[in-house]
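Peer 1: First the structure, then my questions, so here it is.
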Amino acid sequence: MNAIVSTTALEVLTLSLQGEVFALPAGIVSEILDFVPITEVPNAQPFVGGLINVRGKVVPFADLRFKFGMDRPEATLDTRIVVIEVNLGGEPTIVGILAEKVYEVTIVAPSALEETPRIGMRWRSEFIRCIGKRENDFVIILDIDNVFAFDDRAGQPER
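Have a look at this one:
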């Protein structure tokens, strides 16, 4: 499978979850914060870690490690909160997501973007937009809107 999934380069922010390198389209990133206190929300979806204060605004915080079935160790000095804009039910929404480490903003050439393999992935393929090939490894580019569209209590997209 060598299908190119884009005719334009993709600028992405690379980050780590459980030692795996993931990427988000850089255009959805508002800011990157040091780890801040999180206020828990009773009866929230399991991946919603609570609420955070971002410049005086209440913002929901999500832990993507839950979505991927990963362990959730305590925060370290490298832990960051990446504030992004997602599309929830057709509405742009600001959300903070946890990154165990943030690496860099990089550009992935169109020729280095390939479809997600149908087998061999440890994560739900609907959460992955495509795979970016790099010099010595790969970066998993998330389809962040789909990550947030799925309700883990029901295992189906929210309506």
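Here the working numbering is used: the first residue of the sequence shown is 1, the next is one more, and so on.
Idealized CB from N, CA, C, for every residue including glycine.
#1: When you compare only the Cα positions, how much space is there between P37 and A44?
#2: Could you tell me the alpha carbon to alpha carbon distance between D137 and L10, rounded to whole angstroms?
#3: Taking its Cβ as the centre, do 16 or more other Cβ atoms sit within 10 Å of V29, making it buried, or is it exposed?
#4: Who are T93's beta bridge partners in DSSP?
#5: Counting only the same chain and skipping the five closest in sequence on each side, list residues whose C-beta sits under 7 angstroms from that of N87.
#6: Going by C-alpha distance, which of K101, A23, V105, I84 is nearest F61?
#7: What's the call for E126, buried or exposed, on a 16-neighbour Cβ count within 10 Å?
#8: Figure out for me which residue from I128, R129, D63, T8 has the closest Cα to the Cα of A100.
#9: Would you kindly work out how many angstroms separate the C-alpha atoms of S16 and V95, rounded to a whole number?
#10: Please report the residue range of the alpha helix (DSSP H) in which L64 lies.
#11: Rank T106, S111, G89, G132 by C-alpha distance to the C-alpha of F148 and give the top, closest one.
#12: Here's the rule I'm using: 16 or more other beta-carbon atoms within 10 Å means buried, otherwise exposed. How should G49 be labelled?
#13: Any idea what DSSP makes of L17, helix, strand or coil?
#14: Alpha carbon to alpha carbon, what distance is there between L142 and E115?
Peer 2: Looking at the atomic coordinates:
#1: 17 angstroms
#2: 17 angstroms
#3: buried
#4: V86
#5: D145
#6: I84
#7: exposed
#8: Ala is not the amino acid found at residue 100; the sequence shown has Glu there. Checking every option, the nearest Cα to that of E100 belongs to D63.
#9: 18 angstroms
#10: 64-67
#11: G89
#12: buried
#13: strand
#14: 12 angstroms
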